[in-house]
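See structure below.
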Amino acid sequence: MEYVPYLLTAYAIFAMAVMSPGPNFLAVTSASMTVSRRAGLGIALGIGTGTIC
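Numbering (this note's numbering), first residue to last: 8 to 60.
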């Protein structure tokens, strides 16, 4: 049971990394704000499709 604090620390770091915005978020918001909402949705759908594949 001495390994539990290390596992909890690793899970906490992983959760923070997953929640932080990355380049995909920046691409979608950038296109949505500068071009159009439709462009942002297109990028989001492309990212989602690429992630699934």
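Glycine included, every Cβ here is placed at the ideal spot set by N, Cα and C.
- V35 counts as buried, since at least 16 other C-beta atoms from the protein chains shown sit within 10 angstroms of its C-beta.
- Counted as a single uninterrupted DSSP element, the alpha helix (DSSP H) harbouring M40 occupies residues 30-41.
- In the structure shown, Y13 falls within a helical segment according to DSSP collapsed to helix, strand and coil.
- Secondary structure of M8 (DSSP, three-state): coil.
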